[in-house]
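Numbering (this note's numbering), first residue to last: 119 to 265.
In this text, a Cβ means the ideal position worked out from N, Cα and C, and glycines have one as well.
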Amino acid sequence: MSKKSGIILKILSIFESGLFIKILSAFVTGLWIAGAILENIHVIILALAITAALIIVLYIHRDNLEEIFQGDTSVIVEDERTQLINEKASTMTLGILISVIIWVAIVIMALRTSYPQYLSIGYTLFAVTIFCFILYFSSQIYYAHKF
119 MSKKSGIILK ILSIFESGLF IKILSAFVTG LWIAGAILEN IHVIILALAI
169 TAALIIVLYI HRDNLEEIFQ GDTSVIVEDE RTQLINEKAS TMTLGILISV
219 IIWVAIVIMA LRTSYPQYLS IGYTLFAVTI FCFILYFSSQ IYYAHKF
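Right, dumping it as structure tokens:
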């Protein structure tokens, strides 16, 4: 009987450590990719159902998410310098990405007489950049008020 309880404790420790959630997330990602490659709607629906269930489980355990995904929180993994470097790198990456998207959209729009079939792609790229600007400025306003 103690052998069964030992197995149950190991299974519960997998759930509590977040390993199960990580494995399930990798499995769901594989399902999404397989569904897209095979063009099978049933696989995509299965992945969607598992994702919905995973979101519900994560919402229920939202207070323990940092503990689940980061492990021991008493160990300092990164310092302020690393955070500052990451913030600056992500801001520069966003700026360069938006600039490249705008440049590609302008080139596509300039070639609209030669390639009219790509005009909708140019408009879509402009819409994406506008959305990125709105998201960036709204998050700046949010964090300015928060801190």
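If you ignore the 5 residues before and after F145, its C-beta comes within less than 8 angstroms of the C-beta of I168, all in its own chain and listed in chain order. Between L243 and I219, the C-beta gap is smaller than 8 angstroms, which places the two residues in contact. Rounded to whole angstroms, the gap between the alpha carbons of L229 and L166 is 39 angstroms. Between the region 199-216 and the region 169-180 there are fewer than three inter-stretch CB-CB distances shorter than 8 angstroms, so the stretches are not counted as touching. The Cβ neighbour count for G240, taken over all protein chains shown within 10 Å, is at least 16; the residue is labelled buried. Taking C-beta atoms under 8 angstroms as the contact rule, L142 and L172 qualify, at a distance of about 6 angstroms.
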